[in-house]
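In my numbering, the protein residues as written are 173 to 356. Built from N, CA and C at the ideal position, the CB exists for glycine as well.
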């Protein structure tokens, strides 16, 4: 039998061993009266590799207006340089239909797409961890509120009992006072 079985039975209606990992973790924090909230991003970022951080940087840059502007400017310059005969040259290095440009763009897309997918997968994992942590925090808050309601109910019941005892004592005193006035 686990030391948190009574509390688990009271709050969840199950023994501690029957609870899932998250509920057991929350149960431990409730019983120990410790906080459960933490910054999961910092925890997760501590264990990221250099490659994962690079994938995030590539995805962040590849999805920015800066990238789109630089990409558009590069395309414009490439087309401009290859559409006109410049500096007395008879031939351009990539004449229309810009086959070399298409090759470069295909290679860029072939490299950029998996890197962006790696970053998205990592972000999805991070989001799952955040959702799990949010669930634990919400569950602990719910349990704490339930415990507070029970304490409030117990205090209210105690106050009612005290009030009833005081009223009974007042009735006894009033009865004695009334009887003493009759005898006078």
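| Query | Result |
| --- | --- |
| Can you give the Cα-Cα distance for residue 292 and residue 282, rounded to whole angstroms? | 16 Å |
| Determine the DSSP secondary structure at residue 236, reduced to helix, strand or coil. | coil |
| Reducing DSSP to helix, strand and coil, say where residue 282 ends up. | helix |
| Going by beta carbon distance, what residues of the same chain come within less than 8 Å of residue 296, once the five residues before and after it are set aside? | none |
| What's the call for residue 189, buried or exposed, on a 16-neighbour Cβ count within 10 Å? | exposed |
| Per DSSP, what kind of secondary structure is residue 243 in: helix, strand or coil? | helix |
| Please return the same chain residues whose Cβ sits closer than 6 Å to the Cβ of residue 177, not counting the five positions on each side in sequence. | 187, 188 |
| Using only the alpha-carbon positions, how far apart do residue 229 and residue 301 sit? | 21 Å |
| According to the neighbour-count rule (16 or more other Cβ atoms, all chains shown, within 10 Å of its Cβ), is residue 198 buried or exposed? | buried |
| Quick check on the DSSP output: the alpha helix (DSSP H) that includes residue 190 runs from which residue to which? | Per DSSP, residue 190 belongs to no alpha helix (DSSP H) and is neither H nor E. |
| Taking DSSP as the reference, what is the three-state secondary structure of residue 221? | coil |
| Alpha carbon to alpha carbon, what distance is there between residue 298 and residue 184? | 28 Å |
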